[in-house]
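Reading through the structure tokens given below for one structure.
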Amino acid sequence: MATVSAAGPALGDDPRRTRARAARRRKYDPRETRAAFAFLTPWIIGFLVFTLGPMIWSLYLSLTRYNLVDSPQFVGLKNYKRMLGEDPRVATALFNTFVYAVLYVPLAIVVALGLAMLLDRVTRGAGFFRTAYYLPVMTPGVAVAVMFSLLLNGNYGLVNRALSVIGIQGPQWLTDPAWIKPSIVLMSLWSLGGAIVIFLAALKNVPRELYEAASIDGASSWRRFRSITLPMISSAVFFQVIVLTIYALQMFDKVFVLFGNPGSQTYAGNSSLFYTLYLFQQAFQKLNMGYASALAWLLFVIVMVITVIQVKVGNRFVYYESERK
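Just add 33 to wherever you are in the sequence shown, counting from 1, and you've got this note's numbering.
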């Protein structure tokens, strides 16, 4: 039987349970609730008007035939049947998007983590280099696409000229179907400042005494990275994998600038048909807004399923700081 002290809870009680009971016994203050809802009201209104409302409307439009001029005509699941079985370009667009994501996400993680580790070693001028690496994030995607369209031009681009100096014949980056997706990956890797900053913050949070102890034990640099750095920043890596995957599956701006007009489609072929580009074509070029809404919901489901899988799998390998306590 637990012994009760006059000054505190029963001996043997879990302090966390004691604090939870004390919190529940705390007097309810309706003024705090009203203040909380007052602060939340702008976000709630914005969410209902600009997020939930358009989502519900697009779900309804996906069940209709709508051309932005006439009233929507309800057609049931015909758009989904066409999308899943009658339109081969949907499968092509999904394939191109998945290939790009598989190429981009691992490379982005490796490049961003490598640059963050270099910045972590910089002492003098660290602020300048952090700013320099983050500035490309501030550049609009359209400007990045235009710049790289000049750099990657197969005939007079700077990249191929540099390769010719060392005796390498550069490819036709933006016209050869085999090089279109790698060229877009290169464009996307230029704007990794956000991931670099997150990785740098995670690296700064790794206890230095762990490295000192490992060095005393004779651990190599690779061993310290594999056994200390990577586990300690695994939560940041996990977060970036999810964010970069969602970004890759929604790639649009660079693809639209380079391959959005009919002339570019003639030489690039189906290799440049990304899913969001095809969705845009159906919605605003062919005015098939109902079919485009169905395409949008398919992308939403795909992103949600992939994210759930990543969370289920990633949680087995992610180390959280709270687990040390």
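Note that CB positions come from ideal geometry on N, CA and C, so glycine has one too.
What is the rounded straight-line gap between the Cα of residue i and the Cα of residue j?
i, j, result
"residue 66", "residue 87", "29 Å"
"residue 348", "residue 201", "44 Å"
"residue 122", "residue 319", "14 Å"
"residue 34", "residue 350", "Low local confidence applies: a pLDDT of 43 at residue 34 is under 50, so the model's placement there is unreliable, and no value is given."
"residue 323", "residue 244", "57 Å"
"residue 308", "residue 285", "8 Å"
"residue 129", "residue 208", "15 Å"
"residue 99", "residue 333", "20 Å"
"residue 125", "residue 107", "28 Å"
"residue 168", "residue 226", "7 Å"
"residue 317", "residue 198", "44 Å"
"residue 89", "residue 157", "53 Å"
"residue 161", "residue 230", "13 Å"
"residue 337", "residue 155", "39 Å"
"residue 249", "residue 63", "58 Å"
"residue 204", "residue 305", "16 Å"
"residue 72", "residue 84", "19 Å"
"residue 152", "residue 253", "20 Å"
"residue 329", "residue 95", "9 Å"
"residue 81", "residue 69", "18 Å"
"residue 206", "residue 138", "20 Å"
"residue 119", "residue 186", "36 Å"
"residue 172", "residue 166", "12 Å"
"residue 110", "residue 163", "51 Å"
"residue 366", "residue 251", "This structure cannot speak to residue 366, because the chain is shown only from 34 to 358."
"residue 79", "residue 170", "26 Å"
"residue 188", "residue 194", "9 Å"
"residue 91", "residue 210", "33 Å"
"residue 190", "residue 77", "49 Å"
"residue 115", "residue 267", "42 Å"
"residue 259", "residue 196", "34 Å"
"residue 159", "residue 255", "24 Å"
Pull up the CB-CB distance for residue i and residue j, whole angstroms please, since I reckon it's below 8 Å.
i, j, result
"residue 220", "residue 177", "6 Å"
"residue 340", "residue 134", "With a Cβ gap of about 12 Å, residue 340 and residue 134 do not count as contacting."
"residue 218", "residue 127", "Not quite, the Cβ-Cβ distance comes to about 17 Å (not below 8 Å), so this is no contact."
"residue 136", "residue 215", "7 Å"
"residue 257", "residue 247", "5 Å"
"residue 174", "residue 287", "6 Å"
"residue 312", "residue 325", "5 Å"
"residue 343", "residue 276", "Actually they are not in contact, since the Cβ atoms of residue 343 and residue 276 sit about 10 Å apart, beyond 8 Å."
Of all the options the options, which has the alpha carbon lying nearest to the alpha carbon of residue i?
i, options, result
"residue 327", "313, 84, 112", "112"
"residue 280", "196, 255, 228, 70", "228"
"residue 150", "335, 332, 263", "263"
"residue 223", "142, 199, 188", "142"
"residue 241", "252, 261, 225, 256", "261"
"residue 117", "84, 331, 352", "331"
"residue 265", "157, 232, 198", "232"
"residue 321", "97, 189, 199, 110", "97"
"residue 93", "101, 105, 83", "105"
"residue 272", "325, 250, 352", "352"
"residue 131", "85, 84, 346, 282", "282"
"residue 212", "335, 110, 159, 303", "303"
"residue 315", "101, 170, 255", "101"
What are the residues that DSSP puts in a beta bridge with residue i?
i, result
"residue 258", "Residue 258 pairs with nothing; no bridge assigned."
"residue 97", "107"
Let me see if you follow: with CB-CB separation under 8 Å, is residue i close to chain B or not?
i, result
"residue 211", "Structure shown: chain B not included; a single protein chain is present."
With hydrogens ignored, establish whether the beta-carbon of residue i is closer than 7 Å to any heavy atom of the ligand HEM.
i, result
"residue 233", "The ligand HEM is not part of the structure shown, which contains no ligands of any sort."
Q) Any chance the segment 139-148 sits against the segment 228-240, with 3 or more Cβ pairs inside 8 Å? A) yes
(Q) Would the segment 287-295 count as touching the segment 164-183 if we require 3 or more Cβ pairs under 8 Å? (A) yes
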